[in-house]
Amino acid sequence: MKKTILSIALAFATSTQMNAHKLTIKLSGIDNEKGQIGIVVFSKDRYMDYKNPAWATLTKPQMGEMIIETNLPNGEYAIMVMHDENKNMTVDFDRNGIPTEATGMSNNPELKGFPKFEEIGFALNGDKTVEIMMVRYQ
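Take the sequence shown: its letter number 110 is residue 105 in the numbering used here, and every next letter is one higher.
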């Protein structure tokens, strides 16, 4: 019985790895090295579910450009990035509702409100590079 469960688990792990593709996230426009960069990748079926993202990381910012890589299975995804300069784990806003820290999203949309998945989503069915320009609104 234990051998059967182990065999099934290994087969699942192997098939998942075989369907995984390298996702390269290329960030540009990072204007300082304060705090941390938070990157969250959402699957389409769990868009904006911060408790269950497809992948997430925090990393030290580097001026200019950064490249981050991960592996994910086939699917539809959306990426949101924030430069959390004060390390409070949230995007800070001014009294007019404008972010005071740089943010970025896949597809680099021009937004007039909160992004819909269709605006920032993309298909991953092979290795892919997504370029994201960090934007500071102030």
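Virtual Cβ for every residue (Gly too), placed ideally from N, Cα, C. All of these numbers come straight from a predicted model, not from anything done at the bench.
Proximity below 8 Å, CB of residue i to CB of residue j
i, j, result
"Ser23", "Glu126", "yes"
"Ile177", "Met58", "A question about residue 177 goes unanswered here, because the residues of the chain that appear run from -4 up to 133."
"Ile32", "Ile74", "no"
"Met77", "Val86", "yes"
"Leu18", "Leu53", "no"
"Ser38", "Ala49", "yes"
"Glu105", "Gly30", "no"
"Thr95", "Val130", "no"
"Phe112", "Tyr42", "yes"
"Asn91", "Met128", "no"
"Asn120", "Asn69", "yes"
First through last residue of the alpha helix (DSSP H) which encompasses residue i
i, result
"Glu126", "Counting along the chain, Glu126 falls outside any alpha helix (DSSP H), though it belongs to the beta strand (DSSP E) covering Lys123 to Met128."
"Ile20", "That residue, Ile20, is in no alpha helix (DSSP H); its beta strand (DSSP E) goes Ala15 to Ile25."
"Ile34", "Taken as a continuous stretch (DSSP letters only), Ile34 belongs to no alpha helix (DSSP H), being part of the beta strand (DSSP E) at Gln31 to Ser38."
Start and end residues, beta strand (DSSP E) containing residue i
i, result
"Glu60", "Gly59 to Pro68"
"Leu53", "Trp50 to Thr54"
Residue i - partner residues in DSSP beta bridges
i, result
"Met100", "Met75"
"Phe88", "Pro94"
"Phe117", "Tyr72"
Chain D within 8 Å of residue i, Cβ atoms only
i, result
"Ala97", "No chain D appears in the structure shown, which is made up of a single protein chain."
Cβ distance (whole Å) where residue i is taken to contact residue j below 8 Å
i, j, result
"Glu71", "Ala118", "5 Å"
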